[in-house]
Each structure stands twice: as C-alpha cells, then as structure tokens.
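*Asks:*
In the numbering used here, the protein residues as written are 10 to 580.
1. Does the structure place the segment 19-27 close enough to the segment 113-126 that three or more beta carbon pairs sit under 8 angstroms?
2. Using the rule of at least 16 other Cβ atoms within 10 Å of the residue's Cβ for burial, across every protein chain shown, is residue 635 buried or exposed?
3. On the three-state DSSP scale, how would you describe residue 52?
4. Assign residue 411 to buried or exposed, taking buried as 16 or more other Cβ atoms, counted over all protein chains shown, within 10 Å of its Cβ.
5. Taking Cβ positions, are residue 148 and residue 131 nearer each other than 9 angstroms?
6. If you reduce the DSSP assignment to three classes, tell me which class residue 372 lands in.
7. Work out the CA separation of residue 219 and residue 129 for me, nearest whole Å.
8. Hey, how far is the Cα of residue 69 from the Cα of residue 86?
9. Short of 8 angstroms in beta carbon distance, which residues of its chain neighbour residue 198, apart from the five on each side in sequence? Order them along the chain.
10. Identify whether residue 570 lies in helix, strand or coil by the three-state DSSP scheme.
11. By the three-class DSSP mapping on this structure, what secondary structure does residue 509 have?
12. Please return the same chain residues whose Cβ sits closer than 8 angstroms to the Cβ of residue 31, not counting the five positions on each side in sequence.
13. How would you write the range of the beta strand (DSSP E) that residue 528 sits in, first residue to last?
14. For the putative contact between residue 534 and residue 550, defined by C-beta atoms under 8 angstroms, what is the C-beta separation to the nearest angstrom?
15. Identify, in the order they occur along the chain, each residue of the same chain with its Cβ nearer than 8 angstroms to the Cβ of residue 339, setting aside the five sequence neighbours on each side.
16. Express the C-alpha separation of residue 504 and residue 420 in angstroms, rounding to a whole number.
17. Classify residue 587 as helix, strand or coil using the three-state DSSP reduction.
18. If you draw a straight line from the alpha carbon of residue 514 to that of residue 433, how long is it in whole angstroms?
19. Are the CB atoms of residue 509 and residue 439 nearer to each other than 9 angstroms?
20. Please report the straight-line C-alpha distance between residue 492 and residue 311, rounded to a whole angstrom.
21. Quick one: what's got a C-beta closer than 7 angstroms to residue 585's C-beta in the same chain, skipping five residues either side?
22. Going by C-alpha to C-alpha distance, which of 387, 208, 320 and 408 sits closest to residue 366?
23. Could you compute how far the alpha carbon of residue 384 sits from the alpha carbon of residue 572?
24. Quick one: measure Cβ to Cβ for residue 414 and residue 364, integer angstroms, because I've assumed they're closer than 8 angstroms.
25. Just reading off the beta strand (DSSP E) that residue 440 is part of, what are its end residues?
26. Identify every residue that forms a DSSP beta bridge with residue 545.
27. Residues in the same chain with beta-carbon distance under 6 angstroms from residue 588, minus the five sequence neighbours each way, listed in chain order, please.
28. Roughly how many whole angstroms lie between the Cα atoms of residue 109 and residue 416?
29. The beta strand (DSSP E) spanning residue 399 covers which residue range?
30. In the DSSP output, what is residue 522 paired with across the bridge?
31. Would you check if there are 3 or more beta carbon pairs closer than 8 angstroms linking the segment 37-56 to the segment 135-146?
32. Would you kindly report the start and end of the unbroken beta strand (DSSP E) that includes residue 540?
33. For residue 193, tell me which candidate among 209, 217 and 326 has the shortest Cα-Cα distance.
34. Applying the criterion that 16 or more other CB atoms from any shown protein chain within 10 Å of the CB defines a buried residue, is residue 15 buried or exposed?
35. Alpha carbon to alpha carbon, what distance is there between residue 560 and residue 448?
36. Using a threshold of 9 angstroms, state whether the C-beta atoms of residue 377 and residue 562 are closer than that.
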C-alpha cells in the first residue's frame with residue numbers, strides 16, 4: 010500500500026472507503042483563513058498520506074515550551090520505561106482517569122503502542138494530573154505517524170503548547186471540570202430544546218455534560234473524529250465545543266416524537282447518548298456533522314475563554330481543584346428543604362436549569378419577601394445588597410408568575426450616584442412561568458449581528474487585546490454604568506458590554522434601580538418596572554431581551570421574592 014509509511018498501525022480492512030486514497034496529493038497553502046476553509050471542507054481527508062503530512066506541518070508549527078520532548082527522547086527512554094512487557098499490559102497513566110484507548114481501526118499492536126507512548130508521556134510531563142482525552146488523541150495520531158517516536162513527539166507538542174490564549178488539551182482536573190461547566194452553559198444557551206430534554210430525563214444534568222469531551226474524542230466513529238481532528242488542529246479547542254453541541258442537537262432530534270421522557274437514573278441517559286454517538290455514522294455523515302457544528306453562531310473565542318476562566322475561579326472558590334465525588338445538582342433543590350410562596354420545587358428546578366452552571370451547585374437562599382419584610386424598596390435593597398447573582402420572582406394578583414435572573418449585586422446601582430444607571434451583564438435574563446414557561450435572554454446572544462462587524466473581526470484575529478468600549482448613542486437619558494472603564498485590574502465579567510461594539514445602547518440595559526423604582530431591561534420599554542412601594546408594576550417589550558410582555562402589561566404585585574445562591578459545598 011502506498012500509504013504504508015503512515016499507516017503501519019492501521020487495520021486497513023476496517024477502514025472501508027478511507028483505505029482508498031484519491032486526489033489531492035499535496036497542499037500548498039500558507040494563508041490561515043484559506044487553510045481554515047480547506048480543513049472544514051475536508052480537502053486532505055481523502056488522502057491518508059497527505060493528511061499525515063498536513064498534521065505533521067500543523068503540529069510542528071505549534072509554539073511550545075523551550076524544552077519539549079521529541080522523537081529522539083522517546084527512543085532513548087522507551088525501553089527503560091516500558092521494558093519487555095507486552096504493550097497492552099502496560100497500565101495507562103492515572104491521569105487518563107480510566108479512559109481506555111479507542112480502537113479507531115487500529116491493529117492490536119497499535120493499541121499497545123498507544124499504551125507505550127502514554128507511559129513515556131507521563132514520565133516527561135509530571136505536572137499533568139488529569140487528561141482523559143489523551144488516549145483518543147494518541148490513537149488518532151498513530152494513524153498518521155510513521156512510527157511510535159513521531160507519534161510521541163506530536164502528542165508532546167500538543168501538551169507543551171504555550172501560545173497565549175491557545176488551548177489544546179486540558180491537563181488538570183480544574184481545567185477539565187470547568188470545561189464541563191462551560192459546555193453546560195453553552196448547551197443552555199445554544200441548544201435550549203436539547204438542554205430541556207436532558208433536564209427532564211436525567212437526575213443530574215452536570216453528570217451528563219461531564220461526558221461531553223468523550224462524545225467527541227472517544228465515542229465518535231473514526232471517520233467522523235478524523236474530520237474533527239482536521240479542523241481542531243487548525244482552529245483549536247472551540248471546535249470541540251461546536252461538535253459536542255451539534256451532537257446534542259442531533260440526539261434531541263432523534264428523541265423528538267418519542268414519548269415524553271421521565272426522570273431516570275443519570276447513568277441511563279449517559280449510556281443513551283453514548284450509544285447514539287457511537288452509531289451516528291448510520292445516519293449523519295462527517296460532512297453533515299461539521300456543517301451542523303459550524304452553523305451554530307457561537308460566542309467568540311475570547312468570550313468562551315472568559316467563561317472558562319470564570320468557571321475555573323468559581324470551582325477554586327469552592328475548593329474543587331482535584332477530583333472528588335460530584336455533588337448532585339438536585340440536592341440543592343430538595344423539595345423537603347425548599348419553600349416558596351410563589352413557585353414549587355419543580356418550577357424552581359426548571360429555573361435552575363437556566364442559570365449558569367457555576368451556580369448550579371448552589372442552594373436557593375431566600376433574601377427578601379414582601380410577605381415577611383413588607384413592601385419597602387429600601388428594605389429590598391438592604392436585604393439584597395452584597396449578594397450576586399440574585400433571582401427575582403413576582404406573583405401578580407391575577408396569579409401570573411414572572412421574574413428575572415440578575416447577574417450583578419444591586420449595590421452597583423450606587424456607582425451612578427442619584428442618577429438612574431443601568432448595569433449588569435449579558436448573563437441576565439427574564440422569564441415567565443405562568444400561564445406558560447418561557448425564558449428571554451440577552452438579544453445579542455441570539456442576534457450577534459447587533460454587535461458591529463468591527464468587533465467580530467477583532468475577536469477572531471486576536472485572542473488577547475484590551476477590550477474596547479461599546480459604541481453607544483446619547484439618545485437616551487439613562488446612563489450605562491457598564492460602559493465606564495473598570496479602574497481595577499480584575500477580570501472583566503463574562504458577557505460584560507465592555508467586550509462588544511454594540512450598535513445601540515438599548516441592547517445592553519440589563520438592570521437599574523434607585524429609591525423610586527426597579528427596572529429590568531430597557532430600550533423601547535422595560536421588561537419589568539416595579540414602583541417604590543413594590544405594589545404596582547409594568548411589563549412591555551424591551552430591546553435588551555426582545556421579550557413580549559411577561560404578564561398583564563399593568564399589574565399589581567401579590568407577592569415578590571428575591572433569592573440568592575448559597576454555596577452548597579460550604580453549607
């Protein structure tokens with residue numbers, strides 16, 4: 010076979026059409042944008058030898074630590090580390106967390122070679138503590154390496170990447186766990202129907218989403234995952250999120266029309282998704298999978314990195330830096346411990362499925378209720394200040410229920426002095442529960458074109474850079490407190506308007522308050538307006554959330570509650 014130099018570990022009888030190489034047989038491209046398009050189109054996917062050569066060039070170009078182990082190092086250490094044992098009997102490093110080596114059409118000695126390579130990797134990277142994706146990546150690269158030593162070098166370069174803002178493989182439990190939270194946040198925002206299905210059918214949503222990386226690197230058939238690797242080596246980690254979200258969408262589509270799911274053991278849902286992904290080749294082609302993946306209008310890499318860092322910080326604050334038994338998210342919403350005069354435990358659980366994943370392990374903590382604290386805006390602020398985020402619930406005298414998730418401490422309102430100023434971030438959302446349940450997120454999430462093209466180009470071309478101020482109009486008398494420069498050096502909040510060139514300030518009016526009123530959402534109306542007596546309110550369409558009225562447009566408040574988020578790890 011012509012490709013024998015780059016396929017000595019491959020069982021060609023299992024490769025099907027992939028064993029037949031066709032044109033093109035060479036690649037002459039240096040423009041990054043053109044390379045990205047060629048990768049997405051599968052330009053080199055039909056020629057095994059060309060694919061191997063492209064992978065070698067792409068991996069060789071990855072900026073790495075000054076001292077990165079190469080093929081010669083492998084040849085020097087492999088005998089002393091692996092010895093004369095049968096390769097398959099060599100235990101995998103503990104940091105792969107029991108993840109087996111996927112077969113991926115490899116011969117038995119190919120699987121053994123992967124064991125040998127990872128043992129040597131462990132000896133050279135003692136700082137790796139958690140990397141369950143490594144067996145799949147090693148098995149894939151063996152397909153396109155002339156020998157074990159070169160595969161080892163390629164794996165090492167992926168692990169040793171030190172380019173600022175570029176992420177290849179998670180190597181700590183903190184990074185891995187935060188990626189699971191981040192995927193949950195992305196699924197919540199970009200796959201709401203699929204997310205709703207998971208919430209309805211699994212007892213522990215976070216446990217289901219902890220498999221997201223395994224769906225892509227482990228469960229996908231070789232023909233599909235090889236196409237993912239084509240793009241991953243060009244575009245990076247964000248591709249993995251895209252593909253996992255597309256898999257979730259396809260899974261939901263397959264389940265559509267089936268009887269309404271009932272809550273079951275989480276393991277059953279995980280096994281169902283795994284079986285679906287493993288068998289996806291029978292009805293979704295690799296090209297169709299990538300087409301679906303790139304049709305998702307995902308956050309910029311900068312925003313995803315910011316979300317990842319936010320989730321890491323949250324986990325560190327909870328003391329979750331090494332592997333430990335995951336707490337079930339629903340323990341925080343135990344019906345025996347939860348009591349609200351506005352919503353049931355089930356309804357609160359539904360709201361909990363909408364909140365950012367880093368708060369999903371928190372327990373609801375009642376901060377303020379008009380039933381106990383009276384109808385005073387002054388007492389409202391005194392009980393709610395110092396808490397971030399908060400959940401506002403309203404029941405009207407017509408038994409309608411609506412509310413808002415508010416990302417920022419109400420104390421922030423004081424930065425505007427006596428002037429009513431909007432603040433908050435794009436994580437805010439408004440919702441209604443009765444007569445029907447619906448959530449309305451920041452309009453820019455659903456319509457990214459509302460942020461100018463200048464911003465989009467700069468986000469793609471640079472991972473770093475100083476966030477530019479949003480371009481806003483002076484047409485409205487209210488000021489946007491978020492547009493002021495942050496005097497501190499702290500990390501800017503995820504989805505802060507600082508990171509967007511907004512075409513109109515009306516799209517970023519999240520929350521505002523003074524001693525006369527509370528406002529949520531602005532621009533051509535307010536999603537919620539509540540008077541100083543916490544007695545009367547108004548609701549209308551607003552530009553920020555693009556919502557319809559959340560209840561009767563002019564309403565009287567029967568009861569108002571504000572809930573905080575208490576860390577379940579410390580309670």
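Glycine is no exception: its CB is placed at the ideal position from the N, C-alpha and C atoms. Quick caveat, the model's predicted, so the values are computed rather than measured.
*Replies:* Quick look at the numbers:
1. Contact holds: three or more Cβ-Cβ distances are below 8 angstroms.
2. With the chain covering 10 to 580 only, the question about residue 635 has no answer from this structure.
3. In the three-state reduction of the DSSP assignment, residue 52 falls in the coil class.
4. Label assigned to residue 411: buried.
5. The criterion of a C-beta distance shorter than 9 angstroms is not satisfied by residue 148 and residue 131.
6. Judged by DSSP in its simplified three-state form, residue 372 adopts strand.
7. Whole-angstrom Cα-Cα distance: 27 angstroms.
8. The straight-line gap from Cα to Cα measures roughly 22 angstroms.
9. Close CB contacts of residue 198 within its chain, under the 8 angstroms cut and outside five residues either way in sequence, are with 450 and 454 (chain order).
10. The answer is strand: DSSP assigns residue 570 an E or B state.
11. It is coil, neither helix nor strand.
12. Closer than 8 angstroms at Cβ, skipping near neighbours: 55 and 56.
13. For residue 528, the enclosing beta strand (DSSP E) begins and ends at 526-529.
14. In this structure, residue 534 and residue 550 form a Cβ contact; the two beta carbons are roughly 5 angstroms apart against a cut-off of 8 angstroms.
15. Low confidence applies here, because residue 339 scores a pLDDT of 42, under 50, leaving its location unreliable and the question unanswered by this model.
16. C-alpha separation (whole angstroms): 19 angstroms.
17. No statement about residue 587 is possible, as the shown extent of the chain runs from 10 to 580 and does not include it.
18. Whole-angstrom Cα-Cα distance: 13 angstroms.
19. No; because the gap between Cβ atoms is not below 9 angstroms, this pair is not in contact.
20. For residue 492, the predicted model reports a pLDDT of 35, less than 50, meaning its position is unreliable; a value from the coordinates is still stated below. Distance between the alpha carbons of residue 492 and residue 311: 19 angstroms.
21. It is not possible to answer for residue 585, since the shown part of the chain is limited to 10 through 580.
22. Closest option to residue 366, Cα to Cα, is 320.
23. Near 16 angstroms, if we compare the C-alpha coordinates of residue 572 and residue 384.
24. Their Cβ separation, rounded to whole angstroms, is 6 angstroms, which keeps residue 414 and residue 364 in contact under 8 angstroms.
25. Per DSSP, residue 440 is one residue of the beta strand (DSSP E) stretching across 438-443.
26. Within the DSSP bridge table, the entry for residue 545 names 565 as partners.
27. For the chain, the structure presents residues 10 to 580; residue 588 sits outside this window and is missing.
28. Straight-line Cα distance between these residues: approximately 41 angstroms.
29. For residue 399, the enclosing beta strand (DSSP E) begins and ends at 399-405.
30. Within the DSSP bridge table, the entry for residue 522 names 527 as partners.
31. Look at the beta carbons and you see the segment 37-56 not touching the segment 135-146: under three pairs across the two are nearer than 8 angstroms.
32. Unbroken beta strand (DSSP E) run through residue 540: 537-540.
33. Put simply, of 209, 217 and 326 the residue whose alpha carbon is nearest the alpha carbon of residue 193 is 217.
34. Looking at its Cβ environment, which holds 16 or more other Cβ atoms inside 10 Å, residue 15 is buried.
35. Just so you know, the alpha carbons of residue 448 and residue 560 end up roughly 13 angstroms apart.
36. No, Cβ-Cβ distance for residue 377 and residue 562 is not below 9 angstroms.
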